[in-house]
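Per my numbering, residue 2 is the first one in the sequence shown, and the count goes up by one each step. From the three backbone atoms N, C-alpha and C, an ideal C-beta is built for every residue, glycine too. Treat the numbers as computed from the prediction; the structure is a model and nothing was measured. Worksheet: one structure, shown below.
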Amino acid sequence: MIDGTYNIEVDTPFGRKQGTVAIRTEGDVAIADIDAPIVGKQHVEGRAEGDRFTSEGEFKIKLVGKVTYSLQGEVVGDDLNISIDSSKGSFQLAGKRA
Numbered sequence: 002m003i004d005g006t007y008n009i010e011v012d013t014p015f016g017r018k019q020g021t022v023a024i025r026t027e028g029d030v031a032i033a034d035i036d037a038p039i040v041g042k043q044h045v046e047g048r049a050e051g052d053r054f055t056s057e058g059e060f061k062i063k064l065v066g067k068v069t070y071s072l073q074g075e076v077v078g079d080d081l082n083i084s085i086d087s088s089k090g091s092f093q094l095a096g097k098r099a
């Protein structure tokens, strides 16, 4: 089950920063509210399959503008791992269920 709120850590040029990701599913739709360094506050919707989810779209990031992305995530037990490939680079988010 991927539904839940996760405390995450992100490596940034200014050191390791913290944030949250809240995920819920409605059938095969995954809905995530991200509040994290680098990407800021984002609401994304994608596809859920078991303990994995994917999404593609655009973020609007302050001082950067629109950024296209492809996101893949997985929950294993209480661990969350997300890989984001974007038009501004790739990065990882990792965390634990709160």
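> Which whole-angstrom value describes the C-beta separation of arginine 53 and glycine 28, a residue pair presumed to lie in contact below a C-beta threshold of 8 angstroms?
Replying inline: About 15 angstroms; that fails the 8 angstroms criterion.
>> Do alanine 23 and aspartate 34 have their beta-carbon atoms positioned less than 8 angstroms apart in this structure?
In response: yes
> serine 91 by DSSP, collapsed to three states: which one?
Replying inline: strand
> Using the beta-carbon count (16 or more within 10 Å), is leucine 64 buried or exposed?
Replying inline: exposed
> By DSSP, does alanine 164 sit in helix, in strand, or in coil?
Replying inline: Lying outside 2 to 99, the shown extent of the chain, residue 164 is not represented and no answer is given.
> Out of curiosity, what's the CA-to-CA distance linking valine 30 and arginine 48?
Replying inline: 5 angstroms
> Can you round the beta-carbon distance between isoleucine 9 and glycine 20 to whole angstroms, since I take them to be within the 8 angstroms contact cut?
Replying inline: About 5 angstroms; that satisfies the 8 angstroms criterion.
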